[in-house]
Amino acid sequence: MKTNKIDHIGIVVKNAKERLKLYEDFLGLKVTHIEELPERGLRVYFIQIGETRIELLEATNENSEISGFLEKRGEGIHHIAINVEGIENAVELARLKGFKPLSDEPKKGAGGTKVLFLHPKTTGGILLELVEGEH
Ligand code: ZN
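Residues in the sequence shown are numbered from 115 upward in steps of one, following the working numbering.
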């Protein structure tokens with residue numbers, strides 16, 4: 115597996131439109147991509163900042179992937195995503211090195227990417243997302 119760069123920082127928000135006052139109106143950044151991920155109960159907004167991005171995660175139903183987080187911790191930084199090549203090998207490699215993948219194989223991410231999350235209990239408190247592909 116090859117690691118390239120910080121792909122994005124994922125931030126859970128209750129209402130993306132409200133939070134865009136910070137990223138667009140104040141910071142002058144642009145939303146470059148919005149996508150619905152119905153199987154994960156999410157709508158994601160990607161905001162370009164230099165070579166990396168901020169991903170706002172908004173729930174579209176109460177059983178979404180972020181609903182538990184939102185309930186327990188409220189809005190805030192949710193994960194850090196690292197862009198990689200060779201994600202197909204990541205599950206086995208992670209297990210071999212003592213990190214716990216949250217799925218048995220990479221899942222479909224925004225924009226046709228493949229993503230794999232590592233459990234924060236095995237990474238020092240960081241929900242780490244590996245992402246392969248660009249959008
Ligand atoms: Zn992400």
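C-beta: ideal position from N, C-alpha, C; glycine also.
Predicted model, so just to flag it, every value in this text is computed and none were measured.
Check                                                                                                        : Outcome
So which of Gly182, Lys221, Gly212 has the shortest CA-CA distance to Lys128?                                : Gly182
Closest by CA to Leu171, which one among Tyr159, Leu207, Ile240, Leu230?                                     : Tyr159
Can you tell me the Cα-Cα spacing of Gly190 and Val205, whole angstroms?                                     : 27 Å
Identify the continuous beta strand (DSSP E) that holds Ala224 and give its terminal residues.               : Unbroken run through Ala224: none, as it is neither H nor E.
How big is the Cα-Cα spacing for Glu219 and Gly188?                                                          : 28 Å
Under three-state DSSP, which class holds Lys235?                                                            : helix
Between Thr227, Val229, Asn197, which has its C-alpha nearest Glu165's C-alpha?                              : Asn197
Find the nearest neighbour of Leu151 within the set Asn177, Phe213, Leu244, judged by alpha-carbon distance. : Asn177
Look at Ala173 and His122 and say whether their C-beta atoms are less than 8 Å apart.                        : no
Pull the bridge partners of Leu171 from the DSSP assignment, please.                                         : Val126, Val158
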